[in-house]
Amino acid sequence: MNSLAQGGSGGARRFPDGFVWGVGTSSYQVEGAVAADGRGPSIWDVYAHTPGNVNRGDTGDLACDSYNRLEDDVRMLSELGVGAYRFSVSWPRVLPGGDGAVNQLGLDYYRRLVDALNANGIRPVVTVYHWDLPQALDERGGWTNRETAKLLGELAHVLAEALGDQVSMWVTINEPLQVVHQGYITGTHAPGRRDLGMASAAIHHILLGHGYALQALRAQLPDAVIGPTMDPQPFNALDEQSKPAADALDAEYNRVYLDPVFRGTYPAALRADLRPPEILIEDGDMELISAPIDFFGVNYYRPHYLRGGDWSDLRQGEDVVAGHPGTVRYVPPEVPCTVMGWPIVPAGLRALLIRLHAESGGLPLYVTENGCAADDYLTPEGTVEDHERIAFIRGHLGAALDALDAGVNVAGYFHWSLMDNFEWAEGYRRRFGLHYVEFASGRRVAKRSAQFYRQLALTGELPAADGELAVAAAAR
Ligand code: PNW
81 MNSLAQGGSG GARRFPDGFV WGVGTSSYQV EGAVAADGRG PSIWDVYAHT
131 PGNVNRGDTG DLACDSYNRL EDDVRMLSEL GVGAYRFSVS WPRVLPGGDG
181 AVNQLGLDYY RRLVDALNAN GIRPVVTVYH WDLPQALDER GGWTNRETAK
231 LLGELAHVLA EALGDQVSMW VTINEPLQVV HQGYITGTHA PGRRDLGMAS
281 AAIHHILLGH GYALQALRAQ LPDAVIGPTM DPQPFNALDE QSKPAADALD
331 AEYNRVYLDP VFRGTYPAAL RADLRPPEIL IEDGDMELIS APIDFFGVNY
381 YRPHYLRGGD WSDLRQGEDV VAGHPGTVRY VPPEVPCTVM GWPIVPAGLR
431 ALLIRLHAES GGLPLYVTEN GCAADDYLTP EGTVEDHERI AFIRGHLGAA
481 LDALDAGVNV AGYFHWSLMD NFEWAEGYRR RFGLHYVEFA SGRRVAKRSA
531 QFYRQLALTG ELPAADGELA VAAAAR
């Protein structure tokens with residue numbers, strides 16, 4: 081069906097019936113309460129408390145205090161009109177030491193959350209692992225240790241038992257690329273290692289963690305829908321010369337995670353120093369990693385551009401691409417960027433969805449994250465006028481509709497994020513929320529974009545650009 085609305089308001093485009101409208105957060109980014117009710121330390125507590133790692137020394141100690149504001153959060157979701165909420169479980173809240181005894185008080189928080197969501201008609205979507213590994217497991221090697229993958233399966237088992245009757249959609253792992261790349265190569269995320277040998281082991285073990293979590297959830301919850309989320313990064317070569325580098329980076333950033341899940345193999349083109357050593361790959365591992373999934377979750381933020389360039393004479397917007405002399409990363413000046421410096425390219429989402437449709441053999445795809453940071457502030461009237469976020473959402477949902485028109489099964493969209501939160505190494509200075517959070521008081525304020533998103537979720541209709549005035553008028 082063509083998504084041009086039949087008889088809708090002028091120029092509006094309509095999403096299919098049943099399209100899931102959601103928003104996302106993750107545990108360490110919003111919960112705070114890091115010492116409450118028996119929670120153990122995570123690698124992010126240690127990393128954030130180490131001077132020099134996070135902007136201005138921010139930590140997740142308080143964050144949005146969601147642990148103590150469960151009712152506020154659910155009310156906010158309910159007022160937003162969304163049908164689904166994607167959140168993650170803090171592993172050290174449930175298993176403070178990573179394995180062993182279950183902390184019932186920690187588990188109770190998630191039980192209260194899923195019950196409150198369901199009572200309000202909001203479908204809980206639970207991510208088992210969104211980066212806050214128990215510190216005790218890092219001390220046993222973290223993702224370089226095969227045991228961590230097995231224990232992720234145990235965590236999934238505990239969660240399935242405790243929440244499975246109330247949760248029908250599960251995400252195993254969030255963004256293995258960032259776990260490995262920032263956690264073990266650049267060191268810009270916890271646990272802050274910079275070691276390619278460690279990274280090559282972490283690649284295999286985080287994927288194996290997905291496999292074990294999938295297996296555990298499947299065994300207990302035969303009717304649940306289960307899948308991973310990944311953030312494949314499009315690399316666009318702007319000239320002939322940079323094509324080999326674009327292919328190599330695609331293998332290193334994307335295919336290394338996609339191929340094992342969709343084909344049960346590591347890509348031949350993967351650079352040798354990142355290839356998981358054969359000795360780590362046991363019989364049955366690749367089968368576990370490539371076991372059938374019910375959906376694939378796509379987190380899309382930005383593409384990359386490459387072109388030929390002189391490393392010793394870099395131009396504005398250029399950066400070297402390590403390992404590929406003569407090639408530079410480049411941001412074309414005509415492409416607008418967010419305050420993260422990330423190019424805003426909605427067409428990249430369309431192309432990515434089309435690619436993943438082919439790679440996955442037509443699996444349902446959910447955009448499990450998409451969003452932008454902006455320099456939001458409270459006006460004297462107490463509003464937040466984040467028109468660039470509205471334009472960002474409009475553009476990317478237009479791209480999702482284009483993919484639907486091209487025959488891709490896009491089943492839902494989860495905006496990142498429900499509210500401003502702890503943006504990892506950027507701390508609180510980067511605001512991604514549909515709701516503004518005044519961190520000193522914990523107060524939340526719906527931004528203009530929340531009103532826009534509410535209309536979308538309620539009507540399933542993407543208004544033409546001039547429809548925005550109608551949205552604004554309706555809100556008054
Ligand atoms: C995601 N990139 O990470 C995470 O899942 C969220 O927790 C995070 O808050 C959000 O995106 C915004 O950063 C990413 O370099 C980190 O393109 C980096 C990239 C993409 C996603």
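Our numbering puts the first residue of the sequence shown at 81, with every later residue one more than the last. For glycine and all other residues, C-beta sits at the position ideal for the given N, C-alpha and C.
Excluding the five sequence neighbours on either side, which residues of its own chain have a C-beta within less than 8 Å of the C-beta of residue i, listed in chain order?
i	result
residue 200	154, 157 and 158
residue 389	395, 398, 406, 407, 408 and 410
residue 332	350, 351 and 354
Confirm, please, whether the CB-CB distance from residue j to residue i is below 8 Å.
i	j	result
residue 206	residue 247	yes
residue 218	residue 123	yes
residue 371	residue 293	no
residue 160	residue 533	yes
residue 250	residue 194	no
residue 269	residue 369	no
residue 427	residue 511	no
residue 166	residue 104	yes
residue 257	residue 311	yes
residue 501	residue 109	yes
residue 254	residue 170	no
residue 489	residue 444	yes
residue 220	residue 540	no
residue 133	residue 505	yes
residue 216	residue 177	yes
residue 354	residue 279	yes
residue 223	residue 536	no
residue 286	residue 298	no
residue 233	residue 296	yes
residue 507	residue 183	no
residue 516	residue 464	yes
Considering only DSSP beta bridges, list what residue i is partnered with.
i	result
residue 399	409
residue 251	207 and 307
residue 499	515
residue 379	449
residue 494	102
residue 388	407
residue 144	For residue 144, which the question treats as bridged, DSSP gives no partner whatsoever.
residue 525	516
residue 317	386
residue 454	511
residue 166	104 and 205
residue 423	417
Check whether the Cβ of residue i lies closer than 7 Å to any heavy atom of the ligand PNW, and answer yes or no.
i	result
residue 198	no
residue 379	yes
residue 494	no
residue 370	no
residue 73	Because the chain is modelled from 81 through 556, residue 73 falls outside the range shown and cannot be assessed.
residue 351	no
residue 171	no
residue 183	no
residue 422	yes
residue 300	no
residue 146	no
residue 334	no
residue 106	yes
residue 396	no
residue 503	yes
residue 254	yes
residue 111	no
residue 509	no
residue 409	no
residue 472	no
residue 512	yes
residue 382	yes
residue 468	no
residue 358	no
Within a Cβ cutoff of 6 Å, which residues of the same chain sit near residue i, ignoring the five residues on either side of it in sequence?
i	result
residue 470	529 and 532
residue 422	381 and 382
residue 503	510
residue 252	208, 290, 293, 294 and 308
residue 242	187
residue 81	Model confidence at residue 81 stands at a pLDDT of 39, short of 50, so the residue's coordinates are unreliable and nothing is read from them.
Leaving out the 5 sequence neighbours to the left and right, which residues in its chain are closer than 7 Å to residue i when beta-carbon positions are compared?
i	result
residue 497	103, 104, 105, 451, 512 and 513
residue 483	430, 433, 434 and 490
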